[in-house]
Amino acid sequence: QWFSGEGHHQGVGDVDADGHDDLLVLEFYGRLHRFAWTGPSSIADVDGWGAAAANVIEVGDVAGDGIADGVLARHGNDEDPRLDLLTDWDDGTPVIHELALDHEFDVLLLADVDGDHRDDIIGGSIPRQSVTVLYAGSP
Numbered sequence: 002q003w004f005s006g007e008g009h010h011q012g013v014g015d016v017d018a019d020g021h022d023d024l025l026v027l028e029f030y031g032r033l034h035r036f037a038w039t040g041p042s043s044i045a046d047v048d049g050w051g052a053a054a055a056n057v058i059e060v061g062d063v064a065g066d067g068i069a070d071g072v073l074a075r076h077g078n079d080e081d082p083r084l085d086l087l088t089d090w091d092d093g094t095p096v097i098h099e100l101a102l103d104h105e106f107d108v109l110l111l112a113d114v115d116g117d118h119r120d121d122i123i124g125g126s127i128p129r130q131s132v133t134v135l136y137a138g139s140p
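Quick note on my numbering: the sequence shown kicks off at 2 and runs consecutively.
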């Protein structure tokens, strides 16, 4: 029960394009792990994600290349909100593209809102009672 309990968030998708879904687990303290079909492998600490108690992760094809990407968002109550796109997992470690510093999302959903075959980022802020749609493009 290594990842049981509150504060752990999961996303599923084939981020390394090997034909098998991977499990991404974002720990309470901000460490991200990728579990591939061959077994667990720790990938990387995401820069700047210290002891943030309420991170959100979602997996989908934001870049539009047919390969799943990860999107990470820090809860709106943190002092340094982040929204990061994780792509290019070829060597097991993602390339991190910082998308915005001012979008504070408690909830994430990835869906192709505009029909361009790229998942768009839909974020919700519970304290602000708002929904924001970020239309995806190549990072």
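Where a beta carbon is used, it is the ideal one built from N, C-alpha and C, also for glycine. Computed from a predicted model, the values in this text were never measured in an experiment.
Three-state secondary structure (DSSP) of residue i
i	result
ILE68	coil
PHE36	strand
ASP112	Note on identity: in this sequence residue 112 is Ala, with Asp being the wrong assignment. It is a strand residue.
GLN130	coil
ALA18	coil
TYR136	coil
ASP120	coil
HIS9	coil
Contact belief for residue i with residue j at Cβ below 8 Å, rounded distance in angstroms
i	j	result
ASP17	ASP62	That belief does not hold up - the Cβ atoms of ASP17 and ASP62 are roughly 13 Å apart, past 8 Å.
ALA64	GLY14	Contact flag wrong, Cβ pair sits at about 12 Å.
C-beta atoms of residue i and residue j nearer than 8 Å
i	j	result
ILE123	VAL132	yes
PHE36	ASP23	yes
Contact set for residue i: own chain, Cβ-Cβ below 7 Å, skip 5 residues either direction
i	result
GLY71	GLY12, VAL16, LEU25, ILE58, VAL60, LEU87 and PRO95
SER126	GLY77, GLU105, PHE106 and ASP107
Sequence-distant residues of the same chain with beta carbon closer than 8 Å to residue i, five excluded per side
i	result
ASP115	ASP121 and TYR136
HIS9	VAL26, LEU27, GLU28 and PHE29
Spatial neighbours of residue i in its chain, beta-carbon cut-off 6 Å, leaving aside the 5 residues before and after
i	result
ALA74	VAL57, LEU84, PHE106 and LEU109
GLU99	ASP85
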